[in-house]
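Read the structure below first, then the notes.
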Amino acid sequence: MSTLQNIQGNAACAAGAIAAGCRFYAGYPITPSSEIAEQMAARLPKVGGTFIQMEDELGSMAATVGASLGGVKAMTATSGPGFSLKQENLGYAAMTETPCVIVNVMRGGPSTGLPTRPAQADIMQARWGTHGDHPIIVLAPHTVREIFEETIRAFNLAEALRVPVVVLYDETIGHLVETVDLTPPQPEDIVTRTFASGPAEDYLPYAAGEDMIPAFPRPGDGYRTHTTGLTHDERGFPTQDPQKVDAFMKRLLGKLERHAKMIEKTESVEVDDAQVLIVTMGTPARAAKTAIRQLRDEGIRAGLLRPVTLWPFPEAALRAAAKGKRAVLVPEMNAGQLILEVQRVLGGAAPVSGLNVFNGEPIAPQQIAQAVKELVK
Amino acid sequence: MSKTEPLEMQIRFAGSGGQGLILSARILAAALAGEGRFVAQSQAYEPTSRGGLSRSDLVISEREVDYPLVTALDVAVILDQVAVPACAGLLGRQTLTIIDAGKVTAPPEEPQTIHALPITETARALGNPRVANITALGALAELAGLIAPQTLRARMLKLVPARFRDINAEAFDAGQALAKAAEKV
Numbered sequence: 001m002s003t004l005q006n007i008q009g010n011a012a013c014a015a016g017a018i019a020a021g022c023r024f025y026a027g028y029p030i031t032p033s034s035e036i037a038e039q040m041a042a043r044l045p046k047v048g049g050t051f052i053q054m055e056d057e058l059g060s061m062a063a064t065v066g067a068s069l070g071g072v073k074a075m076t077a078t079s080g081p082g083f084s085l086k087q088e089n090l091g092y093a094a095m096t097e098t099p100c101v102i103v104n105v106m107r108g109g110p111s112t113g114l115p116t117r118p119a120q121a122d123i124m125q126a127r128w129g130t131h132g133d134h135p136i137i138v139l140a141p142h143t144v145r146e147i148f149e150e151t152i153r154a155f156n157l158a159e160a161l162r163v164p165v166v167v168l169y170d171e172t173i174g175h176l177v178e179t180v181d182l183t184p185p186q187p188e189d190i191v192t193r194t195f196a197s198g199p200a201e202d203y204l205p206y207a208a209g210e211d212m213i214p215a216f217p218r219p220g221d222g223y224r225t226h227t228t229g230l231t232h233d234e235r236g237f238p239t240q241d242p243q244k245v246d247a248f249m250k251r252l253l254g255k256l257e258r259h260a261k262m263i264e265k266t267e268s269v270e271v272d273d274a275q276v277l278i279v280t281m282g283t284p285a286r287a288a289k290t291a292i293r294q295l296r297d298e299g300i301r302a303g304l305l306r307p308v309t310l311w312p313f314p315e316a317a318l319r320a321a322a323k324g325k326r327a328v329l330v331p332e333m334n335a336g337q338l339i340l341e342v343q344r345v346l347g348g349a350a351p352v353s354g355l356n357v358f359n360g361e362p363i364a365p366q367q368i369a370q371a372v373k374e375l376v377k
Numbered sequence: 378m379s380k381t382e383p384l385e386m387q388i389r390f391a392g393s394g395g396q397g398l399i400l401s402a403r404i405l406a407a408a409l410a411g412e413g414r415f416v417a418q419s420q421a422y423e424p425t426s427r428g429g430l431s432r433s434d435l436v437i438s439e440r441e442v443d444y445p446l447v448t449a450l451d452v453a454v455i456l457d458q459v460a461v462p463a464c465a466g467l468l469g470r471q472t473l474t475i476i477d478a479g480k481v482t483a484p485p486e487e488p489q490t491i492h493a494l495p496i497t498e499t500a501r502a503l504g505n506p507r508v509a510n511i512t513a514l515g516a517l518a519e520l521a522g523l524i525a526p527q528t529l530r531a532r533m534l535k536l537v538p539a540r541f542r543d544i545n546a547e548a549f550d551a552g553q554a555l556a557k558a559a560e561k562v
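Chain order of the listed sequences is A and B. Residue 1 is where the first sequence starts when you use this note's numbering, and the numbers rise one by one after that. Residue 378 is where the second sequence starts when you use this note's numbering, and the numbers rise one by one after that.
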């Protein structure tokens, strides 16, 4: 069924969450993410869900993890300063393998920075914001329609892999209203975690089979469990036994690689014959698409590789796309974060340069076109 | 101007925070979408509830656009002097420009045609300067030839709060009348 409508990016996020089966939201409002809370407050009661405005972001993240441990699909949303505050409990979600979705609508930083202006300076924080080696998935939509789709995918991945998933986009798209066709997902496109089944007496809450994902004990089903942020054994109890710690960490960190095919997602535009490869995400990726068309009209062949799944980083896709290119350009609304990963992955295979804008203004197509022209001079 | 998307048109409503220009843009966006056109509507404002620069932009196309932000304006509606510098670089000779005659003291130089209309003054005469945003919308409907004024008016009446419907209807009609008078000059 076609449902063409004008909808804001943040509202599309809330719509996607509800469509994915989210029935719990805990948050603390902050520009430019507040409309997500507003929308969830209005929408959740209508589907039997629960909305709580917590006392702060620490509490919001804690409540989100707690609700998910109760067996409910849960999310929270925030921006820069709030994302910093959520990091501790986000790490707890990663450690306890609690599915949850965290939306970070990026504004200018550091600190309170530019509350109403776009930025992309949380690219590295989204990966490494909480302490310790930890698994995390970060999705980076670039249109209002894609915010809807990727929020659904965020829940699916969180549930399937028992991992926190961050949906990361900039203020421009969060506040953008676009005419879009939001096709509701089919029931078979919605993933819910595997709940524990079989004899309760044999159940080990952190034992996993070939797929490396333990079955989740739904409260009330009669399965004994123990949840702790301490490194734990298959029973869920703390351990410092090096062998057990090693096995646990290898499974915790290895499960995303095991399911890489399910997670990876990139978009390629005119890459094959390109002289210059542009690697970017969010609003700058939309500027890049317009720039590519302008450049090709002038006989300059540029192409785009866009990580839709930002973390784990699409290493193989980038290596393949950059093969034989004269130059790689990384436009981003920060002082240079995505470029670090691009340089690491390419290891000198192609010269990489950045286009960095961090004055609160989005990157315009003309700026990208100009930067590409400099590179092919 | 550079046309990078098929049949694209770019519009900006700009003024000072609290003038209701984001609502004007949303109403226009809703009316256009109702006619099967694709819009991307963005805005910028400052972290204050009143005053400071506020603007809302529309990129209108026949399909979903790649770049959703304005790069060269076809139409500009400027209701406060504070917004004039913010339009620099986006205005050209051909930009149809509507300004508030009372609040814009130094109009931009680039556009060939500037309609200086007493928008806020007209709204105040109707009893509430806060309907200046709808007065401007009425003027835009008349001058821009973007959408049938009656279609836009009908959509506006659906989107404004019920208790302000009458005054907004009057504001829209007054804006249209201002524009008609200006066209004759």
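Every residue, glycine too, gets a C-beta built ideally from N, C-alpha and C.
{"Query": "At least three beta-carbon pairs within less than 8 Å, the segment 139 to 148 of chain A to the segment 355 to 369 of chain A", "Result": "no"}
{"Query": "At least three beta-carbon pairs within less than 8 Å, the segment 117 to 134 of chain A to the segment 35 to 51 of chain A", "Result": "no"}
{"Query": "C-alpha gap between A/F437 and A/A302, whole angstroms", "Result": "Missing from the structure shown is residue 437 of chain A; chain A here goes from 1 to 377 and no further."}
{"Query": "Residue closest to A/P115, alpha-carbon to alpha-carbon, out of A/P29, A/T96, A/E97", "Result": "A/P29"}
{"Query": "At least three beta-carbon pairs within less than 8 Å, the segment 145 to 159 of chain A to the segment 173 to 192 of chain A", "Result": "yes"}
{"Query": "CA-to-CA distance, B/R530 to B/D451, given in whole angstroms", "Result": "21 Å"}
{"Query": "CB contact check: B/P538 to chain A, cutoff 8 Å", "Result": "no"}
{"Query": "Reduced DSSP secondary structure (H/G/I, E/B, other) of A/M281", "Result": "coil"}
{"Query": "Reference B/L409; option with closest CA among A/T112, A/Y206, A/T179", "Result": "A/T179"}
{"Query": "Residue from B/D477, B/T448, B/F549 whose Cα sits closest to the Cα of B/V461", "Result": "B/D477"}
{"Query": "Any 3 or more C-beta pairs closer than 8 Å across the segment 94 to 103 of chain A and the segment 162 to 169 of chain A", "Result": "yes"}
{"Query": "Those runs of the alpha helix (DSSP H) which lie wholly inside the segment 331 to 368 of chain A and span at least 4 residues", "Result": "338 to 346"}
{"Query": "Contact set between A/N6 and chain B, taken where Cβ atoms lie within less than 7 Å", "Result": "A406, A407, A410, V416"}
{"Query": "Against chain B: residues of the segment 178 to 191 of chain A by CB proximity under 8 Å", "Result": "E178, T179, V180"}
{"Query": "Classification of B/E439 by the beta-carbon crowding that lies within 10 angstroms, buried from 16 upward", "Result": "exposed"}
{"Query": "Within 8 Å, strictly: CB atoms of A/A419 and A/Q53", "Result": "Within the shown structure, residues of chain A are numbered from 1 to 377, placing residue 419 of chain A beyond reach of any answer."}
{"Query": "is_contact[B/D443, chain A] using C-beta, thresh 8 Å", "Result": "yes"}
{"Query": "Min CB distance A/L176 to chain B below 8 Å", "Result": "yes"}
{"Query": "Segment contact, 8 Å Cβ cut-off, at least three pairs: the segment 301 to 320 of chain A with the segment 69 to 89 of chain A", "Result": "no"}
{"Query": "CA-to-CA distance, B/T472 to B/P484, given in whole angstroms", "Result": "13 Å"}
{"Query": "Assigned exposure category for A/S111 - 16 Cβ within 10 Å defines buried", "Result": "exposed"}
{"Query": "Reference A/P185, options A/P199, A/F148, A/D272, closest by Cα", "Result": "A/F148"}
{"Query": "7 Å Cβ shell around A/K373 - same chain, five flanking residues per side excluded", "Result": "I300"}
{"Query": "Three CB pairs or more closer than 8 Å across the segment 242 to 261 of chain A and the segment 272 to 289 of chain A", "Result": "no"}
{"Query": "Bridge-paired residues (DSSP) for A/N6", "Result": "A/T179"}
{"Query": "Selection from A/A215, A/G198, A/A200 that minimises the alpha carbon distance to A/Y206", "Result": "A/A215"}
{"Query": "Partner residues on chain B for A/K289, Cβ-Cβ distance less than 9 Å", "Result": "D443, Y444"}
{"Query": "Close Cβ partners of B/N545 (< 8 Å) along its chain, the five nearest in sequence each way excluded", "Result": "V508, I511, M533, L534, V537"}
{"Query": "Nonlocal neighbours in the same chain, by C-beta distance under 8 Å from A/Q240, ignoring five residues either side", "Result": "T231"}
{"Query": "Close beta carbons around A/A260, own chain, < 8 Å, minus the five adjacent residues each side", "Result": "P312"}
{"Query": "CA-to-CA distance, A/P351 to A/V328, given in whole angstroms", "Result": "6 Å"}
{"Query": "Beta-carbon proximity list for A/G174, same chain, < 6 Å, skipping 5 on both sides", "Result": "G9, N10, P32, V105"}
{"Query": "Sub-8 Å separation of B/V436 and A/N6 beta-carbons", "Result": "no"}
{"Query": "Residues that DSSP places opposite A/A302 in a beta bridge", "Result": "A/V276"}
{"Query": "With 16 other Cβ atoms within 10 Å as the buried cut-off, status of A/L4", "Result": "exposed"}
{"Query": "Beta-carbon neighbours of B/R321, restricted to chain A and to distances below 9 Å", "Result": "Absent from the model: residue 321 of chain B. The displayed extent of chain B is 378 to 562, so no value can be given."}
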